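Residue numbers (UniProt numbering), protein chains in the order written: chain A, 1 to 413; chain B, 1 to 413.
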């Protein structure tokens, strides 16, 4: 089993073949959830899974469960997978790499005639991206009990079409109740969507969790004033105040190993010769630990409290998501699988289906590098070697984990 | 003559009466240049000047020259005045105070039977605000030779109506060639449009000049990136870079006694969970001296050159106006006239007709406080006492200057 190798060329060919479903002229992929393109790629996957001897079921939200039997078929399956949908200007790897690597794992096991103790379950989660129907990770969230089926079906896209209508239009729904399946474990392979592995020339990220996030809106109100007749010390400049907060948030994030981003800033009634009197801005704070998030929020609030008296501030937290810590056992299996490759532990800054799955099942993620950290972009790129390495670690982690969580008595049976 | 007092109540009554021309429900004035409202206030002024024994002439751009004869009527007149037009949301004082105070000076001299050596010329300059026809100070500029008559007539408003067409529609033009009149001196009384006099509880600003201004556009380009998966030290955040420049410009302006304002800042494709990849912003730098402007620009350029390597910058100067230094003799006359009142020297941060007049004639300005430094606003406000004090200083400065610049032999003639 130690010498069992996935077929990197086949995996790459599958990646290139599926990139035709929604493929765009610039080399990207536009495959919004529950569209004709999504239907095509779903049908492709189902056909390949059936050909590989899997049983196929779908739940009532279109989540796809492709099952390879285990020696102990009464055990809960060990799951792999990710999602097939993309952003409007997406690429060839985000999501689908994790699904196609899972298919490659199954085909490799078949060819080698290897039977696992646990059944293996390849999963395609519906509507991970959240581009067509917000919020993101909608149907892994429903599987985990975060969203109800009714809530999911009632989401609408920009044209007012509901998720339920779109689901029915492409006949993606199945008969299985949402959340009926239990997993003994779940492994999700994904491109990093960040620059760390590439920068450190590593092949594998052992993803120990997902950062917690807190989103805020901040309104700053000073006093609009004539740029030529208001001395610097008589101003209440909302943009100058904002500049201090932007730099302060960056400093504290760097110090605490977190992330702070001001992505939007809009001056009210801007004019080049008027001191900005008011503005609105956003803060996106992220950290792997609650304590880190708490410290960043406290620092931001302290900085706001320390603004000059002429500036008033209204800070509102509009959304938050707690940090996710993946399962130590699953992580041990991934680390062991990656031991011959350059690897490091890391925390995902982006949300993933695995973050919701982790609420119900032992879970871990595997990252491989992507060029320049770029994703959600037609230029999104990963090398054939890194994709193959990721799939190999997925296979090995699954086999290691299958043995590890099977009691000796069971395994011997 | 030392006891000659202007009539503050009459001045105030005239201010309130003329505020009806274009008066708005919120107490402000909307009297765009060369509109029906402007025509009304022009007719009112002309009638009052004729009643006061003035001769009236208009040049071909509608600049109004209301002349009170002097004992030496061959001498160039000493001029006073400002403008009657307002911003779209203007107030009762910006511009018209300087004109009505000049009228008050003439009526006071008439009542006291005082003859000055030089003729006195009350001027209303067309289109000071620049709100309807850009640029501002258009017709004092034409008088000073900065703009040609053809250039002025060809300016268009937001509806595409040319200055020339608007001028003819309200019959505001006269026969006099533009710039035909020479002035022996010019004094312009105006509200400060800033908070300095009020803050220091002073009544009179002796305006020694107008700040030089330089306007810039700056584009910053970094790299858009995922807010959750791009470590702080791997970012090229255009907004973070801009924040440093905003604070740096503020610091250097404070240190050098200048003004720096970033009034507009627009992030390209903003999103709360994307590190800003590019943005555009403006800089408005002002200083009373060229050397100060030069130092501020050098500092800004040095800060831009010092940005992290991942940020590229494109700085373009789009407009500049050199500092104006008013005439020492005119300033001495204003200082002497103001000596019994709380006063200080100051540099105007806003442009004024006097800045162009100073290119051809010895010129000075007189400021009086306005509430909160507010102008270009319906709430623009000055007290009757301060308006009267300003008119008194205008009268006294004119009489002092008339004596000072008249050779003893002439005065005795």
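The C-beta atom is built at its ideal place from N, Cα and C for all residues, glycine as well.
All of these numbers come straight from a predicted model, not from anything done at the bench.
### Query
Who are the near neighbours of residue 145 (chain B) in its chain, counting only those whose CB is closer than 8 angstroms to its CB and skipping five residues on each side?
Here the set comprises 179, 359, 360.
#### Entry: residue 6 (chain A) classed as buried or exposed, judged by whether at least 16 other C-beta atoms fall within 10 angstroms
buried
### N- and C-terminal bounds of the beta strand (DSSP E) containing residue 205 (chain A)
From DSSP, the beta strand (DSSP E) with residue 205 (chain A) extends over 204-210.
### Task
Can you tell me which of the three DSSP states residue 404 (chain B) falls into?
helix
### Message
Among A:55, A:75, A:47, whose alpha-carbon lies nearest the alpha-carbon of residue 405 (chain A)?
### Response
Minimum Cα distance to residue 405 (chain A) is reached at A:75.
### Message
Taking 6 angstroms as the limit between beta carbons, can you name the residues of its chain near residue 104 (chain B), skipping five residues before and five after?
### Response
6, 11, 391
### Task
Output yes or no for whether 7 angstroms exceeds the beta carbon distance between residue 307 (chain B) and residue 218 (chain B).
no
### Query
Is the region 208-223 of chain A touching the region 277-286 of chain A in the sense that three or more CB pairs, one from each, lie closer than 8 angstroms?
yes
### Exposure of residue 224 (chain A), with buried meaning 16 or more beta-carbon neighbours within 10 Å
buried
### Query
To which residues of the same chain is residue 414 (chain A) closer than 6 angstroms at the C-beta, ignoring the five residues directly before and after it?
No information on residue 414 (chain A) is available, as it lies outside the stretch 1 to 413 that chain A covers here.
### Query
From which residue to which residue does the beta strand (DSSP E) around residue 296 (chain A) run?
Counting along the chain, residue 296 (chain A) falls outside any beta strand (DSSP E), though it belongs to the alpha helix (DSSP H) covering 290-305.
### Message
Tell me the DSSP secondary structure of residue 316 (chain B) in three-state form.
### Response
strand
### Task
Using alpha carbons as the reference points, say which of A:92, A:63, A:8 lies closest to residue 21 (chain A).
A:92
### Query
Any beta-carbon of chain A closer than 7 angstroms to the one on residue 195 (chain B)?
The beta-carbon of residue 195 (chain B) is placed less than 7 angstroms from the nearest beta-carbon of chain A.
#### Entry: Runs of beta strand (DSSP E) wholly within the region 22-81 of chain A (minimum 3 residues, chain order)
55-58, 64-68
#### Entry: Where residue 227 (chain A) meets chain B, residues with beta-carbon distance less than 8 angstroms
Correct list: 259, 261, 263, 284, 286, 349.
### Query
Does DSSP put residue 188 (chain B) in a helix, in a strand, or in coil?
strand
### Query
With a cut-off of 7 angstroms, does the C-beta of residue 110 (chain A) fall near any C-beta of chain B?
no
### Task
Just list the alpha helix (DSSP H) runs in the region 154-184 of chain B, keeping only unbroken ones of 4 residues or longer that don't cross its boundaries, in chain order.
163-169
### Task
Note down, in chain order, every chain A residue with its Cβ under 9 angstroms from the Cβ of residue 82 (chain B).
What residue 82 (chain B) touches in chain A: nothing, since even the nearest Cβ is about 16 angstroms away.
### Query
Which value, in whole angstroms, describes the spacing of the CA atoms of residue 366 (chain B) and residue 320 (chain B)?
24 angstroms
### Task
Starting from residue 375 (chain B), find everything on chain A with Cβ-Cβ shorter than 9 angstroms and list it in chain order.
Going along chain A in sequence order, the residues near residue 375 (chain B) (Cβ under 9 angstroms) are 226, 229.
### Query
Taking 7 angstroms as the CB-CB limit, is residue 214 (chain A) close to chain B?
no
### Spatial neighbours of residue 353 (chain A) in its chain, beta-carbon cut-off 7 angstroms, leaving aside the 5 residues before and after
Beyond the five residues adjoining it in sequence on each side, residue 353 (chain A) comes within less than 7 angstroms, by CB distance, of 82, 83, 125, 128, 137, 140, 188 in the same chain, given in chain order.
#### Entry: residue 253 (chain A) versus residue 351 (chain A) - alpha carbon distance
Between the C-alpha atoms of residue 253 (chain A) and residue 351 (chain A) there is a straight-line separation of about 19 angstroms.
### Message
Given a cut-off of 7 angstroms on the beta-carbon distance, is the pair residue 343 (chain A) and residue 204 (chain A) in contact?
### Response
yes
### Message
Once the 5 residues before and after residue 55 (chain B) are set aside, which same chain residues still bring their CB inside 6 angstroms of it?
### Response
67
### Query
residue 200 (chain B) touches chain A at which residues, Cβ-Cβ below 8 angstroms?
Here the premise fails: no neighbours, minimum Cβ distance about 11 angstroms.
### Task
Quick one: measure Cβ to Cβ for residue 357 (chain A) and residue 80 (chain A), integer angstroms, because I've assumed they're closer than 8 angstroms.
11 angstroms between Cβ atoms; not a contact.
### Message
Check for me: the alpha helix (DSSP H) holding residue 353 (chain A) runs from which residue to which?
### Response
353-357
### Task
Just the C-alpha distance for residue 301 (chain A) and residue 363 (chain A), rounded to the nearest angstrom, thanks.
Residue 301 (chain A) and residue 363 (chain A): Cα-Cα distance of roughly 35 angstroms.
### Task
Given a cut-off of 7 angstroms, decide if residue 195 (chain A) and residue 373 (chain A) are closer than it, judged by their beta-carbon atoms.
yes
### Query
Where does the unbroken beta strand (DSSP E) through residue 278 (chain A) begin, and where does it stop?
278-287
### Message
Counting beta carbon pairs with one atom in the region 378-390 of chain A and one in the region 231-240 of chain B, are three or more of them shorter than 8 angstroms?
### Response
Between the region 231-240 of chain B and the region 378-390 of chain A there are fewer than three inter-stretch CB-CB distances shorter than 8 angstroms, so the stretches are not counted as touching.
### Query
Going along chain B in order, which residues have a C-beta closer than 7 angstroms to the C-beta of residue 244 (chain A)?
247
### Message
Quick check on residue 240 (chain B) - is its C-beta less than 7 angstroms from some C-beta in chain A?
### Response
yes
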